[in-house]
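Below is one structure, written out as structure tokens; the observations come after it.
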Amino acid sequence: MTVSPITVCVTGAAGQISYSLLSMLAAGNVFGPEQPVTLHLLEIPPALPALAGVVMELLDGAYPLLHSVTQTADPSIAFADADIAVLVGAFPRRAGMERKDLLQKNLPIFKRQAHALNEHASKHVKVVVVGNPANTNAMVLAAFAPDIPRANISALTRLDHNRTMAQVAARLDVPVQSVAGVCIWGNHSSTQYPDITRATVDNAPVFDKLGGFEIVARDFIPTIQKRGAEVIKARGFSSAMSAASAIADHLRSWVCGEDHIVSMAVPSDGSYGIKEGVFFSFPVRCMGDGVVEIVKGIEIDEFSKRYIDATAEELYAEREEALALLE
Amino acid sequence: MLRTAASNAMRLGASRATRALSTKNADLLPPLKVAVTGAAGQIGYALVMRIASGEMLGKDQLIDLNLIETEAGMSPLRGVMMELEDGAFPLLSSVTATSDLNKGFGDINYAMLVGASPRGPGMERSDLMAANAKIFAEQGKALNTSAAVNAKVLVVGNPANTNALVASENAPDMWEEQFIAMTRLDQSRAQALLAEKAGADVKDVDRVIIWGNHSASQYPDLSHARIGGKWAKSIVKDDKWIKDEFIPRVQKRGAEVISARGASSAASAASAALDTVRDLHLGSGDAWQSNAVVSDGGYGIHKGLWYSVPTICKGDSHFRRVQRLPIDDFSAKMMTATEKELIEERDAVRHLLPGHESKPVSWNVLESLQTSFEEGDMKAVDEIAKELPAQFKKGVKTAKAAA
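Chains as they are written, first to last, in UniProt numbering: chain E, 1 to 327; chain G, 1 to 403.
Right, dumping it as structure tokens:
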């Protein structure tokens with residue numbers, strides 16, 4: 001008995017991140033080797049010719065699990081019956097743009113997509129917002145798609161989580177899968193807090209080995225925050241491959257479950273004093289089938305509290321700005 | 001240059017992992033070494049992530065990834081390494097970057113030669129051949145010196161078939177079958193086109209064959225193709241479509257993608273490379289996979305050319321050619337045309353291949369040469385002498401003069 005395909009919609013489908021992500025989706029690398037996938041690819045009209053080329057390459061891959069591909073500039077077609085939506089497309093930050101400008105450009109996009117998702121997607125659609133400002137875009141989406149349970153919307157902080165795991169592993173020269181206890185708090189921006197105070201290697205705490213509070217503040221956290229820029233400097237292009245890999249990990253954990261605690265930006269429920277109404281990255285347990293639990297009861301030390309408060313303040317400010325712009 | 005048992009042992013010793021495997025790795029197989037050249041390029045970028053995720057060699061197989069680039073490519077390669085690190089891939093045991101071929105190919109089990117010299121403005125095809133022959137001669141030598149004894153080499157960089165020939169000719173201690181040029185991309189493209197025409201799922205299409213050169217002269221052959229187990233030509237009864245649309249479209253698909261994307265087909269090329277090595281390593285049952293391997297004379301193809309034929313991949317990097325398929329007249333013509341191009345390509349680089357002086361000549365050949373000479377069959381003598389190194393040719397000439 002064959003498994004029926006799931007419909008995955010990807011926006012910004014002709015872009016760099018999607019180029020890396022789509023072959024992973026088609027090859028069965030995200031939802032498993034038994035799960036066929038139908039791809040709905042959404043782009044803005046100027047990018048449709050490039051998207052046609054991307055689709056040619058998807059067909060040329062002769063992927064057994066790729067059931068069908070649809071390419072369109074129409075959200076109502078793209079989101080039709082979508083089980084999963086990956087919102088990569090967003091208005092990019094140009095030089096000289098303030099946060100207010102970025103919000104102003106993106107709010108209408110995500111508002112429109114919220115309507116289309118609400119109208120056309122499956123009732124159980126899971127949406128991951130990648131395009132920045134991811135957390136606030138997710139908040140806008142949730143506000144304008146009232147029929148989608150808020151628990152089915154998330155924003156991506158898995159790349160930062162993976163980068164944090166990798167840095168701990170690299171500094172201690174251990175395999176990355178022996179690292180645990182790290183997480184990302186807050187906004188997917190420069191105020192994000194990569195928390196390694198409870199990091200372990202093979203279940204043994206390693207925060208002191210990593211240098212304690214001072215080194216972490218001075219060196220480790222800035223390294224994570226500046227990693228994107230470092231990659232751009234070396235490659236000349238932004239980090240598409242690792243972002244795509246993080247999206248794949250996020251989706252796999254969310255849908256199929258995950259053994260380890262990971263990081264996702266989810267609707268805040270008041271945990272750790274974070275006010276409701278924003279999408280905040282927390283350490284989470286993925287139980288499978290879209291069930292996500294914020295890990296509760298972690299003791300937040302003074303050091304971490306400062307960072308968490310700062311990123312929360314930024315998110316509240318973004319929320320206020322967004323609400324004001326939407327009036 | 002023969003490898004002694006001693007140097008083998010030294011190299012094996014040097015490559016032993018210095019970090020104890022943690023208990024979490026207990027279920028994983030000890031690392032296989034994979035080298036990728038041109039790792040900072042478009043195809044390399046698309047390829048390395050999927051290798052690291054375990055798609056190519058299996059989800060329980062640790063991988064040591066050796067990324068090889070030219071000096072100019074080392075800086076963007078650093079960025080690729082950062083991204084591989086940021087991927088937090090549990091199967092990636094180590095990643096190294098180097099422009100030193102012997103370091104990069106040290107004890108590798110699989111080499112994927114993606115990097116090649118691109119066609120520059122004003123470059124003739126023969127210049128392109130020569131530029132690449134140099135690169136692949138170097139790589140063949142380094143592989144011969146440094147690769148693991150049973151390494152398999154997939155040549156992706158174009159002109160793939162001739163590059164594989166050049167590399168193999170420069171690796172005299174390696175079996176020719178260890179070098180494979182990629183035609184899987186063409187096969188997948190052909191499968192997709194046939195599936196589209198028949199309104200079938202691409203996974204139900206099989207036994208599409210790509211014969212010959214990975215170039216516009218390739219012959220995508222539907223003579224034996226099947227859709228859902230049934231003979232494809234009984235479902236798609238349109239010979240005109242096959243000759244006028246299908247074949248040219250597969251041959252020119254690369255240009256079609258460039259025209260649409262504005263860039264060449266990186267993701268699908270990477271996918272085909274990955275499929276090729278995966279099927280070699282893990283096996284793909286009875287499926288026919290087109291691979292450009294050294295011709296053993298089957299189908300009347302000149303021996304020693306790298307010519308794409310259908311193969312069956314048994315796993316553990318063994319394959320066998322599908323032999324003695326019936327070939328109709330049209331197919332024979334097409335297969336000869338692409339063979340002709342491959343002979344021309346080989347002749348264009350012949351002067352860059354290592355001299356035959358150092359190649360050993362088999363005793364059987366010498367015996368048949370002697371026998372033909374004694375029988376006075378000069379035609380046979382000339383035929384045999386054609387393939388011999390220079391000093392044998394000279395000897396034959398002297399002997400004939402004295403006779």
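Positions of the beta carbon are idealized from the N, C-alpha and C atoms, including for glycine.
Asked: Of the residues E/Ala169, E/Ala244, E/Thr136 and E/His260, the one placed nearest E/Ala317, counting alpha carbons only; Found: E/Thr136
Asked: E/Gln71 - DSSP class collapsed to helix/strand/coil; Found: strand
Asked: Cα-Cα separation, E/Gly181 to E/Met165; Found: 9 Å
Asked: Sub-8 Å separation of E/Asn162 and E/Asp249 beta-carbons; Found: yes
Asked: Interface residues of chain G facing E/Asp259 [CB-CB closer than 7 Å]; Found: Within chain G, no residue comes near E/Asp259; the closest Cβ sits about 11 Å away, beyond 7 Å.
Asked: Test: G/Leu86 CB closer than 8 Å to a CB of chain E; Found: According to the sequence shown, residue 86 of chain G is Asp rather than Leu. Yes, because at least one Cβ of chain E sits closer than 8 Å to the Cβ of G/Asp86.
Asked: Same chain, Cβ closer than 8 Å to G/Val48, neighbours up to 5 away in sequence not counted; Found: Val36, Ala39, Leu65, Leu67, Val80 and Leu84
Asked: G/Gly212 (DSSP reduced to helix, strand or coil); Found: strand
Asked: Selection from G/Lys230, G/Leu154, G/Met82 and G/Pro30 that minimises the alpha carbon distance to E/Glu230; Found: G/Met82
Asked: Contiguous beta strand (DSSP E) assignments of at least 3 residues, all confined to the segment 14-96 of chain E; Found: 37-42, 66-72 and 84-87
Asked: Continuous beta strand (DSSP E) assignments of at least 3 residues falling wholly in the segment 44-107 of chain G; Found: 61-68 and 92-98
Asked: Beta carbon of E/Ser20 nearer than 8 Å to that of E/Ala246; Found: no
Asked: Neighbour list for G/Pro248 in chain E, Cβ cutoff strictly below 9 Å; Found: Under the 9 Å cutoff, chain E gives no residues; its nearest Cβ is about 15 Å from G/Pro248.
Asked: Nearest-angstrom Cα separation, counted from E/Ser23 out to E/Glu34; Found: 16 Å
Asked: Residue burial classification, G/His281 (beta-carbon count within 10 angstroms, cutoff 16); Found: buried
Asked: Beta-carbon neighbours of E/Asn162, restricted to chain G and to distances below 8 Å; Found: Asp86, Gly87 and Ala88
Asked: Alpha-carbon spacing of G/Ala260 relative to G/Ala266, whole angstroms; Found: 13 Å
Asked: Per-residue burial, G/Glu357 [other beta carbons within 10 Å of its own, 16 or more giving buried]; Found: In this prediction, G/Glu357 scores a pLDDT of 48, lower than 50, which makes its location untrustworthy; no coordinate-derived value is stated.
Asked: Proximity test, E/Val291 beta-carbon vs the ligand ZN heavy atom, cut-off 7 Å; Found: In the structure on display, the ligand ZN does not appear, and there are no ligands present to speak of.
Asked: Anticipated Cβ contact below 8 Å, E/Asp83 with E/Thr7, distance rounded; Found: 5 Å
Asked: Residue from E/Leu42, E/Leu65 and E/Cys256 with nearest C-alpha to E/Pro5; Found: E/Leu65
Asked: As assigned by DSSP and simplified to three states, the class of E/Phe213; Found: helix
Asked: Bounding residues of the beta strand (DSSP E) (the contiguous stretch that carries G/Arg320); Found: His318 to Arg321
Asked: Interface flag, E/Gly15 vs chain G, CB-CB below 8 Å; Found: no
Asked: Cβ neighbour criterion (16 or more within 10 Å) applied to E/Gly131; Found: buried
Asked: Minimum length 3: unbroken beta strand (DSSP E) runs contained in the segment 97-172 of chain E; Found: 126-129 and 153-155
Asked: Residue environment, G/Pro310, which counts as buried when at least 16 other CB atoms sit within 10 Å; Found: buried
Asked: Residues of the segment 245-275 of chain E with Cβ closer than 9 Å to any Cβ of chain G, in chain order; Found: Ser245, Ala246, Ala248 and Asp249
Asked: Under 7 Å from the C-beta of G/Val257: neighbouring residues of chain E; Found: Gly53, Met56 and Glu57
Asked: Candidates E/Ile298, E/Asp309, E/Arg319 and E/Asp289: closest to E/Gly277 by CA position; Found: E/Arg319
Asked: Residue interval of the alpha helix (DSSP H) (run including E/Met287); Found: Taken as a continuous stretch (DSSP letters only), E/Met287 belongs to no alpha helix (DSSP H), being part of the beta strand (DSSP E) at Phe279 to Gly288.
Asked: Three-state class that DSSP yields for E/Met264 in the structure shown; Found: strand
Asked: Integer-rounded CB distance, given that E/Leu325 should sit under 8 Å from E/Leu103; Found: 6 Å
Asked: Where E/Asp232 falls, given that 16 or more other Cβ within 10 Å makes a residue buried; Found: Sequence check: residue 232 of chain E is Ile here, not Asp. By the 10 Å Cβ count, E/Ile232 comes out exposed.
Asked: Contact with chain E by G/Glu83, beta-carbon distance below 8 Å; Found: yes
Asked: Through-space distance from E/Pro92 to G/Gly254, alpha-carbon basis; Found: 31 Å
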